[in-house]
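To get this note's numbering, take the position in the sequence shown, counting from 1, and add 569. Okay, structure first, notes after.
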Amino acid sequence: MRRVILSCMIGNALEWYDFALYGYFATTIGKLFFPQFSTFASLMATFGIFAAGFIMRPLGGVLFGHIGDKIGRKDALLLSIYLMAIPTALIGLLPTYVQIGWFAPLFLTFIRLAQGLSMGGEFTGSMIFVVEHAKTNNRGQYGSWVVFSVLIGVLIGSAVATSTCYFLSEEQLINWGWRIPFLVSIIGGFIGSVMRRTVDEPQQFKEAKARHKEHSTPIVELFKSHYKMIFYVITIELTLSIGFYLIVTFINSFLTSLLNFSKVASLMLTTTGMIGMGVAILLSGWLSDKVGRKAVLIPSALAFTFFAYPLFMALEGGFTSALLAQVSLAFILGSFFAPIPATLVELFPLTVRYSGLSISHSLSMAIFGGSAPLIATYLIKITENNASPALYLGGASFIGAITLSFMKDRFKEALI
Numbered sequence: 570m571r572r573v574i575l576s577c578m579i580g581n582a583l584e585w586y587d588f589a590l591y592g593y594f595a596t597t598i599g600k601l602f603f604p605q606f607s608t609f610a611s612l613m614a615t616f617g618i619f620a621a622g623f624i625m626r627p628l629g630g631v632l633f634g635h636i637g638d639k640i641g642r643k644d645a646l647l648l649s650i651y652l653m654a655i656p657t658a659l660i661g662l663l664p665t666y667v668q669i670g671w672f673a674p675l676f677l678t679f680i681r682l683a684q685g686l687s688m689g690g691e692f693t694g695s696m697i698f699v700v701e702h703a704k705t706n707n708r709g710q711y712g713s714w715v716v717f718s719v720l721i722g723v724l725i726g727s728a729v730a731t732s733t734c735y736f737l738s739e740e741q742l743i744n745w746g747w748r749i750p751f752l753v754s755i756i757g758g759f760i761g762s763v764m765r766r767t768v769d770e771p772q773q774f775k776e777a778k779a780r781h782k783e784h785s786t787p788i789v790e791l792f793k794s795h796y797k798m799i800f801y802v803i804t805i806e807l808t809l810s811i812g813f814y815l816i817v818t819f820i821n822s823f824l825t826s827l828l829n830f831s832k833v834a835s836l837m838l839t840t841t842g843m844i845g846m847g848v849a850i851l852l853s854g855w856l857s858d859k860v861g862r863k864a865v866l867i868p869s870a871l872a873f874t875f876f877a878y879p880l881f882m883a884l885e886g887g888f889t890s891a892l893l894a895q896v897s898l899a900f901i902l903g904s905f906f907a908p909i910p911a912t913l914v915e916l917f918p919l920t921v922r923y924s925g926l927s928i929s930h931s932l933s934m935a936i937f938g939g940s941a942p943l944i945a946t947y948l949i950k951i952t953e954n955n956a957s958p959a960l961y962l963g964g965a966s967f968i969g970a971i972t973l974s975f976m977k978d979r980f981k982e983a984l985i
């Protein structure tokens with residue numbers, strides 16, 4: 570079981586390692602691939618390419634869902650790690666605008682699109698693989714390690730990027746240094762692919778394959794008989810998709826640009842918040858096996874509904890106040906995030922599980938997660954209230970809590 574968990578954690582961490590790198594080096598990439606634009610325009614273009622990956626997520630969900638349900642979980646996970654590791658390394662080899670002109674941003678866009686395909690199946694595939702291998706009384710705990718790997722990837726990416734910037738001059742960083750963090754991703758991809766080759770398919774899936782129980786077109790069966798589950802996943806994940814992209818990604822620029830925290834102070838706040846989130850993930854996953862998924866998820870969602878706004882207000886109260894607020898927000902997010910793998914895997918039957926989870930998760934992340942920072946910025950502008958994004962998060966979480974209240978909790982049952 571340890572090898573199963575590690576093989577999935579490495580691939581998932583790699584996805585978020587790239588996520589952290591691209592965000593950290595966005596300004597540098599903008600200068601190298603869009604030098605003819607203003608600083609603001611080049612940054613917008615860089616994040617525009619980043620957003621293109623979100624567009625490909627639902628298509629990736631369809632692709633990996635079909636492979637995972639029809640051919641095998643292992644095959645889907647191997648393909649997803651290749652599609653993440655190789656393009657990430659290729660970013661480190663790309664010629665810049667000065668060398669090949671407009672082909673440089675064009676190639677960068679193609680690479681991000683390939684990575685977007687991978688994102689459509691990596692996280693959901695990892696949580697399916699781990700939860701299907703786990704015993705009934707450990708599904709929440711083991712599934713939470715897949716969530717924990719998100720933090721590991723972000724922290725490693727931030728640490729590698731920070732170290733690169735610290736040890737190299739600005740000239741060295743622009744000329745060649747920014748490439749190194751992207752290139753080393755191939756090491757993680759190699760280790761992850763080797764480990765994934767050595768693990769077995771989940772027993773339930775092997776038995777179904779032996780009896781030829783898989784559907785010829787899982788996606789057709791999914792929308793024919795299980796469309797309600799797609800609605801459940803998308804609405805439940807409103808809290809996750811909006812909360813994650815506000816608290817983990819948007820918050821950094823929010824602290825520095827709007828609240829005038831220094832970069833060092835902002836890094837301390839976000840890093841401490843992620844530590845709090847990590848503690849919550851491990852506790853919440855374990856607890857969901859004892860008291861049930863709904864008993865953990867609903868209070869966590871309602872905590873955002875009632876406390877997101879005052880906590881966002883507290884971010885404006887100085888460093889100590891902001892630290893307590895950031896840790897609290899991250900802890901609530903971790904408490905909600907941890908039981909999600911087990912909860913969602915338990916919703917779908919085996920034959921359409923990969924398709925159902927990959928498609929619905931990708932749609933939620935593409936529509937609500939990818940747009941969350943933009944909507945948050947717009948809300949602040951029109952309301953002139955820095956805490957207004959919390960209303961968006963609180964409202965979305967309330968919808969998620971209502972959906973969860975109607976959902977059957979299957980934490981004590983065998984997978985269907």
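Every residue, glycine too, gets a C-beta built ideally from N, C-alpha and C.
Sequence-distant partners of R642 (beyond 5 residues in either direction) whose C-beta falls short of 8 angstroms from its own C-beta, in its chain, are G694, I697, F698, E701, E770, P771, F774, Y923.
When secondary structure is reduced to three states using DSSP, T767 falls in the coil class, being assigned neither helix nor strand.
Setting aside the 5 residues that flank it on each side, N707 is surrounded in the same chain by D858, each with a C-beta closer than 8 angstroms to its C-beta; the list follows chain order. Just measuring C-alpha positions, the residue of K797, L871, A645 sitting nearest P918 is K797. Apart from the 5 residues on each side of it in sequence, S576 sits with its Cβ closer than 6 angstroms to the Cβ of M764, R765, V768 in its chain, given in chain order. A distance below 7 angstroms separates the beta carbons of L652 and L686. Between the region 865–877 and the region 895–915 there are three or more inter-stretch CB-CB distances shorter than 8 angstroms, so the stretches are counted as touching. For D978, there is no enclosing alpha helix (DSSP H), as DSSP gives it neither H nor E. Out of S727, L737, T705, F692, the CA that lies nearest to the CA of V715 is found in F692. Contact check between the region 888–903 and the region 747–761: fewer than three CB pairs, one atom from each, fall below 8 angstroms, which does not count as touching. Fewer than three Cβ pairs drawn from the region 932–939 and the region 834–842 lie within less than 8 angstroms of each other, which leaves the two stretches out of contact. A direct Cα-to-Cα measurement between L662 and S810 gives close to 31 angstroms. Less than 7 angstroms divides the Cβ of W747 from the Cβ of F594.
Between G690 and S927, the gap from beta carbon to beta carbon is short of 7 angstroms. Pairing F881 with A959 gives a Cβ-Cβ distance under 7 angstroms. With a cutoff of 7 angstroms on beta-carbon distance, W855 and G722 are scored as not near each other.
CA-to-CA, the gap between I655 and L647 works out to about 12 angstroms.
Annotation for M570: no alpha helix (DSSP H) segment contains it, and DSSP assigns it neither H nor E. Of the residues assessed, N581 falls on the buried side of the cut-off, its CB having 16 or more other CB atoms within 10 angstroms.
In this chain, the alpha helix (DSSP H) harbouring V914 covers 909–914. One thing to note: I816 has its Cβ no nearer than 7 angstroms to the Cβ of G969.
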